[in-house]
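Residue numbers (full-length UniProt numbering): 1 to 309. C-beta: ideal position from N, C-alpha, C; glycine also.
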């Protein structure tokens with residue numbers, strides 16, 4: 001494994017806000033009370049109000065296996081656990097012949113053609129501004145999907161819980177004071193908003209001396225996080241984690257591409273094509289040299305045989 005690549009990748013992940021993943025401890029109970037979260041929610045609502053509401057697109061067609069599962073589930077008992085149903089369906093599908101799968105393949109193909117036709121009509125019906133919004137939504141969906149995949153992979157690899165700020169430790173203490181039973185108000189409820197505002201206001205009024213205990217807790221947690229992160233890097237370099245690392249690497253590249261602007265994306269695609277062309281050219285040249293060498297060897301062998309004769 002390329003160590004430089006590995007460390008660059010890991011540090012890129014360590015800076016993601018998505019990595020506020022806790023092991024058995026729900027941080028959203030605390031994070032949602034930060035004043036900055038209220039600002040983010042407000043900006044999101046403003047952004048949503050500026051967005052164009054698109055008409056509902058056609059429902060995507062089901063793949064062949066999904067069609068078989070739907071049919072299979074009808075035959076199985078309703079009270080059977082879903083996991084068991086999937087296991088049975090998967091086993092049946094693997095044992096089926098191509099002839100038995102043919103009806104599902106045919107139905108899947110028909111559904112896909114219907115979907116593509118409906119989708120083409122839908123895209124034609126969109127105005128220029130709606131089409132721009134549709135492209136943005138599609139790009140954001142790709143980003144979110146990749147973020148979730150990265151999150152999932154990092155959970156598998158037991159990425160350490162991110163360190164918390166001094167403000168979060170302050171909010172925690174206030175939460176324990178006001179809600180000792182642990183039953184916190186619903187997010188965005190009136191009580192939640194009022195509590196968040198009060199916490200932010202109290203924090204701003206606090207002196208450096210009053211903030212010191214929370215700053216100390218934050219520093220200790222930061223130290224803990226970086227110690228665990230160093231150990232995590234060493235664990236990731238183990239041979240058994242090689243495949244997972246490669247998956248993270250691929251997802252990271254996808255995220256980088258998704259974050260590119262249209263102009264940069266075009267330049268990136270052009271660079272990729274040039275790199276691919278160089279690789280193909282190098283491969284063809286190598287193949288040509290090998291062919292010529294083989295032809296020379298054959299001609300030499302033939303010449304030696306003819307002389308002997």
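Going by C-alpha to C-alpha distance, which of the options sits closest to residue i?
i, options, result
"residue 177", "195, 272, 66", "195"
"residue 58", "133, 238, 119, 139", "119"
"residue 166", "154, 188, 199, 298", "199"
"residue 110", "86, 64, 127, 142", "64"
"residue 231", "306, 158, 136, 60", "158"
"residue 71", "187, 253, 107", "107"
"residue 113", "62, 102, 284", "62"
"residue 126", "209, 220, 56, 188", "56"
"residue 253", "290, 272, 175", "272"
"residue 334", "193, 223, 214, 206", "Given that the chain is displayed from residue 1 to residue 309, the structure contains no residue 334 and the question cannot be resolved."
Specify the secondary structure class of residue i as computed by DSSP and reduced to three states.
i, result
"residue 295", "helix"
"residue 318", "The first residue shown for the chain is 1 and the last is 309, placing residue 318 beyond what the model contains."
"residue 301", "helix"
"residue 6", "Because the pLDDT of residue 6 is 44, which lies under 50, any placement of that residue in the model is unreliable, and the question is left without a value."
"residue 96", "coil"
"residue 52", "coil"
"residue 78", "coil"
"residue 190", "helix"
"residue 60", "coil"
"residue 238", "coil"
"residue 119", "helix"
"residue 104", "helix"
"residue 284", "helix"
"residue 255", "helix"
"residue 225", "helix"
"residue 32", "Reliability fails at residue 32, whose pLDDT of 34 lies under 50, so the model's placement of it is uncertain and no value is given."
"residue 306", "helix"
Do residue j and residue i have their beta-carbon atoms positioned less than 8 Å apart in this structure?
i, j, result
"residue 225", "residue 163", "yes"
"residue 149", "residue 251", "yes"
"residue 247", "residue 153", "yes"
"residue 68", "residue 104", "yes"
"residue 134", "residue 54", "yes"
"residue 160", "residue 234", "no"
"residue 255", "residue 143", "yes"
"residue 95", "residue 169", "no"
"residue 121", "residue 52", "no"
"residue 83", "residue 76", "no"
"residue 244", "residue 156", "yes"
So the alpha helix (DSSP H) residue i belongs to, where does it begin and stop?
i, result
"residue 184", "That residue, residue 184, is in no alpha helix (DSSP H); it is neither H nor E in DSSP."
"residue 71", "64 to 75"
"residue 129", "128 to 156"
So, is the C-beta of residue i closer than 8 Å to a C-beta in chain D?
i, result
"residue 242", "Absent from the structure: chain D. Only one protein chain is present."
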